[in-house]
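To start, the structure itself, in structure tokens.
Residue numbers (my numbering), protein chains in the order written: chain A, -6 to 192; chain B, 5 to 227.
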């Protein structure tokens, strides 16, 4: 009986070893390609929130890591032109109806929004997913705005007395996005010097 | 022999269709059919995994002992899924962005495991491979049809974003059936998955009854 158990264990072990080797080889072969694709993805989304005209560097390669108020590390991608920082982009987390909404925010040196995009979300199709630029251009209205314009108490959806449209049937999603963008701008205001400092 | 191959094809595509008759793999069937394109993509990825895992299991069936067969099948299926996941990510990245989230789910799909146990563990390599291919294609067809119904009623489009899955050549498939914003939202939401799948299952039953076939319980094999 023990001999048979050992035999089964050996069979299973041999299969694990064989397929483990196969997977390790595949991982080895594809790892570099996958890393390249990730950099391309990041570059493509950074390109949407930082106009090409304001920088002559590659923001992917000019990243600094900072900590926000909650102690979470945030990577700041910096656009520079002639050695001067002309804009930064970083990720924001908003809370929507379907969970976390990931946003990418681009801000210029004066704290004005260069662009913002929802990069990942699980909002309801047809309702909350209107924040996605592939569905509607709702999120484009933030371009050019800053903390002073509109004033801080107007950085809300209309239902809460602010100036941003909610969608019919969906208030939670735009509310989460607006408040995430506002705190993103506050983060910029608080750490401006450090972000724009030339290393 | 030719007769048994045509049996495999008929069984996989219609007579013993994975979704409509065996009622296996219902999780991706309902989760991934919010559009025809999603259903097609998920189906094709599953078909590939089923074909390769059936092939490997049939080829190695002499070495797999009865007692450890289930872990070995799962190991082989999971390895094939990871292989697909990594290669799609590296070489077909646009497609991966559409399907990426759902590919790991294939491991938990009972259909590949079911075919491994029922078919590939007993039959030679070539029929097992074909069984995987056609069971997979039957699964793909069911998912595409359910996805198409839900997409038309729910979003008013058909094969939206097909070019992301199949390449720009297939962008002619993308059509708008109903005017924008007239779709019935609930059909694209999770309850719609149950409704559409249920209706399609009933339709298949009606066709079977019309054809005078004996009613079989889900997953059972005629005695």
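Ideal placement from N, C-alpha and C gives every residue a C-beta, glycine not left out. Fair warning: this is a prediction, and the values are worked out from it, not measured in the lab.
So what's residue i in DSSP terms, helix, strand or just coil?
i: residue 5/B; result: Low confidence applies to residue 5/B: its pLDDT is 49, below 50, so where it sits in the model is not reliable enough to give any reading.
i: residue 162/B; result: strand
i: residue 39/B; result: coil
i: residue 112/B; result: helix
i: residue 179/A; result: helix
i: residue 113/A; result: strand
i: residue 34/A; result: helix
i: residue 68/B; result: coil
i: residue 188/B; result: coil
i: residue 179/B; result: strand
i: residue 124/A; result: helix
i: residue 107/A; result: strand
i: residue 142/A; result: coil
i: residue 106/B; result: coil
i: residue 227/B; result: Per-residue confidence for residue 227/B stands at a pLDDT of 39, beneath the threshold of 50, marking its modelled position as unreliable; no derived number is given.
i: residue 191/A; result: coil
Residue range of the alpha helix (DSSP H) that residue i falls in?
i: residue 60/A; result: Taken as a continuous stretch (DSSP letters only), residue 60/A belongs to no alpha helix (DSSP H), being part of the beta strand (DSSP E) at 56 to 60.
i: residue 209/B; result: 194 to 214
i: residue 194/A; result: In the structure as shown, chain A begins at -6 and stops at 192. Residue 194/A is therefore absent and cannot be evaluated.
i: residue 73/B; result: 73 to 95
Looking at C-alpha atoms only, which residue of the options is the closest neighbour of residue i?
i: residue 86/B; options: 72/B, 49/B, 99/B, 117/B; result: 49/B
i: residue 63/A; options: 162/A, 155/A, 86/A, 189/A; result: 86/A
i: residue 49/A; options: 0/A, 74/A, 166/A; result: 74/A
i: residue 133/B; options: 123/B, 150/B, 162/B, 58/B; result: 58/B
i: residue 231/B; options: 34/B, 14/B, 28/B; result: Since the first residue of chain B shown is 5 and the last is 227, residue 231/B is not available in this structure.
i: residue 177/A; options: 156/A, 83/A, 94/A; result: 83/A
i: residue 114/B; options: 31/B, 12/B, 185/B; result: 31/B
i: residue -3/A; options: 76/B, 71/B, 12/B; result: 71/B
i: residue 24/A; options: 90/B, 18/B, 76/B; result: 90/B
i: residue 89/A; options: 123/A, 10/A, 6/A; result: 123/A
Can you tell me where the beta strand (DSSP E) holding residue i begins and where it ends?
i: residue 66/A; result: 66 to 74
i: residue 88/A; result: 77 to 88
What do you reckon, are the CB atoms on residue i and residue j nearer than 7 angstroms?
i: residue 69/B; j: residue 32/A; result: no
i: residue 148/B; j: residue 155/B; result: no
i: residue 157/B; j: residue 191/B; result: yes
i: residue 76/A; j: residue 101/A; result: no
**Study point:** Residues within the region 118 to 141 of chain B neighbouring chain A, beta-carbon criterion of under 8 angstroms
**Key:** Answer set for the region 118 to 141 of chain B: empty.
Check your understanding: Which residues, in chain order, does the region 111 to 125 of chain A contribute to contact with chain B at a C-beta distance below 8 angstroms?
Key -> For the region 111 to 125 of chain A, residues whose beta-carbon sits nearer than 8 angstroms to a beta-carbon of chain B comprise 117, 118, 119, 120.
Exercise for review: Scan the region 10 to 37 of chain A for residues whose Cβ lies nearer than 7 angstroms to a Cβ of chain B and list them as they occur along the chain.
Suggested key: When C-beta distances to chain B are compared with 7 angstroms, the residues of the region 10 to 37 of chain A below that value are 12, 15, 16, 19, 20, 23, 26, 27, 30, in chain order.
Practice item. For the region 86 to 102 of chain B, enumerate the residues whose C-beta is nearer than 9 angstroms to any C-beta of chain A, in chain order. Key: Those residues of the region 86 to 102 of chain B placed with their C-beta closer than 9 angstroms to a C-beta in chain A are 86, 87, 90, 91, 93, 94, 95, 97, 100, 101, ordered along the chain.
Review point. For the region 179 to 190 of chain B, which residues have a CB atom closer than 9 angstroms to at least one CB atom of chain A, in sequence order?
Key: Per Cβ criterion, the list reads 185, 187, 189.
**Study point:** Residues of the region 96 to 107 of chain A whose Cβ lies closer than 9 angstroms to any Cβ of chain B, in chain order
**Key:** Cβ contacts with chain B: none found.
Review point. Which residues, in order along the region 154 to 188 of chain A, keep a beta-carbon less than 7 angstroms from a beta-carbon of chain B?
Key: Going along the region 154 to 188 of chain A in chain order, one finds no residue with a Cβ nearer than 7 angstroms to chain B.
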